[in-house]
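Under this note's numbering, the first residue of the sequence shown is numbered 56, with each subsequent residue one higher. Reviewing the structure listed below.
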Amino acid sequence: MGAQKKGATRFSEELAHVPLQAILLADSFTTKFRPITLDRPKVLSLSLSLSIWQTPPLGLVKINFDGAVFEDANMSGVGVVIKDNNGFVLASCSEKIPQAYKPDEIETLAAKKALSFAHELGFRCAILEGDSLGLI
């Protein structure tokens, strides 16, 4: 494990309890450092909604998935996180796809990846959750 700066653990523990603040902080860093980095690719999304993650019932896991489209780079991506009823991450994966899909298509591919990933790991009792209103 690499060396950590003083306060780094406290910082990450605080953010673990306040996801919205973490998102806003990350966005402010992106905005602040955009001039010294490459132009950020445009991201397409079907919906943007803030909700509080709820734990699954005892004996189940929750599989969260999402897809993103980067039109300017002609790329897409999918991500999956599997958590237990305590909110602990059991497994996660992400994948870059060298094609810019439509938002509803990438969400469908993300759901498919989530289900196959969970199946490969032996999870049989689960709740599947994504942010695409047209898919879920």
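A virtual CB, placed ideally from N, CA and C, is assigned to each residue, including glycine. Only a predicted model underlies this, so the values are computations on that prediction, with no experimental measurement involved.
On the DSSP bridge list, what partners appear for residue i?
i: LYS151; result: GLY132
i: GLY122; result: VAL133
i: LEU183; result: ILE118
Contact check, residue i vs residue j under 8 Å by CB: the rounded distance?
i: ILE182; j: LEU115; result: 6 Å
i: GLU184; j: ILE118; result: 7 Å
i: ILE137; j: PHE178; result: 6 Å
i: ASP127; j: ASP186; result: Actually they are not in contact, since the Cβ atoms of ASP127 and ASP186 sit about 22 Å apart, beyond 8 Å.
Could you have a look at residue i and say whether DSSP puts it in helix, strand or coil?
i: PHE172; result: helix
i: LEU164; result: helix
i: ASP159; result: helix
i: ILE91; result: Because ILE91 sits at a pLDDT of 48, beneath the cut-off of 50, its placement in the model cannot be relied upon, and the following sentence gives the value as read from the coordinates. In the structure shown, ILE91 sits in a helix (DSSP, three-state: H, G or I).
Suppose contacts are defined by Cβ-Cβ distances below 9 Å. Is residue i in contact with residue j by that definition?
i: ALA155; j: SER171; result: no
i: LEU190; j: ALA166; result: yes
i: GLY133; j: SER149; result: The sequence given here places Val at residue 133; Gly does not occur at that position. Going by C-beta atoms, VAL133 is nearer than 9 Å to SER149.
Notebook entry, point to check: With a cut-off of 8 Å, do at least 3 Cβ pairs link the region 156 to 164 to the region 138 to 147?
Noted result: no
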